[in-house]
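The structure appears right after this line, and notes come after that.
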């Protein structure tokens with residue numbers, strides 16, 4: 059059983075910024091970098107507008 063990983067808001071924001079870099083990393087590469095599953099990367103990227111405007115690292119979602 060794998061341990062659940064919780065990313066902070068700042069990490070989710072950085073993941074979205076990383077995806078925008080050239081050359082564009084794959085979701086698999088981002089999943090490996092952040093220690094999460096590809097499905098989680100996809101879910102974060104779907105809500106990228108939310109994470110790109112957040113500045114607070116106080117709470118995790």
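Residue numbers (my numbering): 59 to 119. For each residue, glycine too, the CB sits at the ideal point set by N, CA and C.
Between residue i and residue j, what straight-line distance do the alpha-carbon atoms span, to the nearest angstrom?
i, j, result
"residue 106", "residue 69", "12 Å"
"residue 61", "residue 102", "19 Å"
"residue 82", "residue 113", "23 Å"
"residue 63", "residue 79", "24 Å"
"residue 93", "residue 73", "12 Å"
For the alpha helix (DSSP H) that residue i lies in, which residues bound it at each end?
i, result
"residue 98", "96 to 104"
Ignore the nearest five residues each way along the sequence and tell me which others in residue i's own chain have a CB closer than 7 Å to its CB.
i, result
"residue 85", "96, 99, 100"
"residue 71", "109, 110, 112"
"residue 163", "An answer regarding residue 163 cannot be provided, because it is not within the stretch 59 to 119 covered by the chain."
Below 6 Å CB to CB, which residues in the same chain sit around residue i once its five sequence neighbours on both sides are set aside?
i, result
"residue 65", "none"
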